Amino acid sequence: MTWRRGSRLVGLMACAWALAACGVSATGVPRAVTSAPTTSAAGGDGSSTTNAPSSGGGKLAPRVAQPKNLRGLDPCEQLLTPQQRAELTFTKAGEKLPPSHGMEGCQLFSSDLGIIFTVNANRDGLEEAYRNRKRITGFREVQVDGYPGIRSAPSELSCRLLLGVADDQDLAIDFTRVGSRKPEHRDPCAFTETIARMVLPNLPEGR
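Letter by letter, the sequence shown follows residues -26 to -1, 1 to 181 of mature numbering (1 follows the signal peptide of the UniProt record, and there is no 0).
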């Protein structure tokens, strides 16, 4: 990785971490939807936006029927297996970010790509993001293996996915394409969902 490219990646990742800590892009743990969502127009990458069922009781975010539990997890060691990290071109577990607003973070980067995970296990899950949706650039509802998510901040090189894993927990995945020319990395938003699919089986079941 060249110094200039590496510095740019670190800067982008620092910005993503700052947004997560401020709660503007509210990170959220994946929730499985209780009933089949209504699918609307399909995206060009084969994914689809959805009208997920409301959680009721004045809540805006979809409910999670099969919750996972992020509490107590080490974001650098437990979200991805060593084999998965190697597949993503990372040679080590990652670097922990200082805890902020009760959230734990981890950044991983290589000459090809960079990822920041932000674990939010003590707030309102995706509810915070839904309340602030007008302030979130590129807000788009998605489903990842039955769990509700929100795409945001899409660009040619980067994207954020907020994945609801429980009604009160969420996981933010910030992906940046650095030097990779692999076809699967050309759509950063689609690849954030690929990363989420890798992480979900590694999470313990919630209550």
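No residue lacks a Cβ here, since even glycine has one placed at the ideal position from N, Cα and C.
The model shown is predicted, which means the values in this text are computed figures rather than measured ones.
query	result
Run of the alpha helix (DSSP H) containing PRO56, from where it starts to where it stops	56 to 61
CA-to-CA distance, LEU62 to PRO56, given in whole angstroms	10 Å
Proximity below 8 Å, CB of PRO128 to CB of PRO162	yes
Under the three-state DSSP convention, the category GLU179 falls into	strand
Alpha helix (DSSP H) segments (min. 4 residues) lying fully within the segment 81 to 120	101 to 105
Inter-residue Cα distance where the pair is GLU179 and GLY120	14 Å
DSSP-derived helix/strand/coil call for PHE165	helix
Three CB pairs or more closer than 8 Å across the segment 148 to 164 and the segment 97 to 111	no
Straight-line Cα distance separating ASP98 from GLN143	6 Å
Stretch-stretch touch, CB-based, cutoff 8 Å, three pairs: the segment 43 to 52 with the segment 169 to 178	yes
Exposed unless 16 or more other CB atoms sit within 10 angstroms - verdict on ARG171	exposed
Buried versus exposed, by CB contacts within 10 Å (16 or more), PRO72	exposed
Test item: CB-CB of HIS159 and LEU87 under 8 Å	yes
Best match in ILE90, SER74 and GLN52 for proximity to THR166 [C-alpha to C-alpha]	ILE90
CA-to-CA distance, MET77 to ALA140, given in whole angstroms	15 Å
Collapsed DSSP secondary structure at GLU130 in the structure displayed	coil
Length of the line joining the Cα atoms of residue 198 and ILE169	With the chain represented from -26 up to 181, any question about residue 198 goes unanswered, as that position is not in the structure.
Contact check, LYS70 vs CYS80, beta carbons under 8 Å	yes
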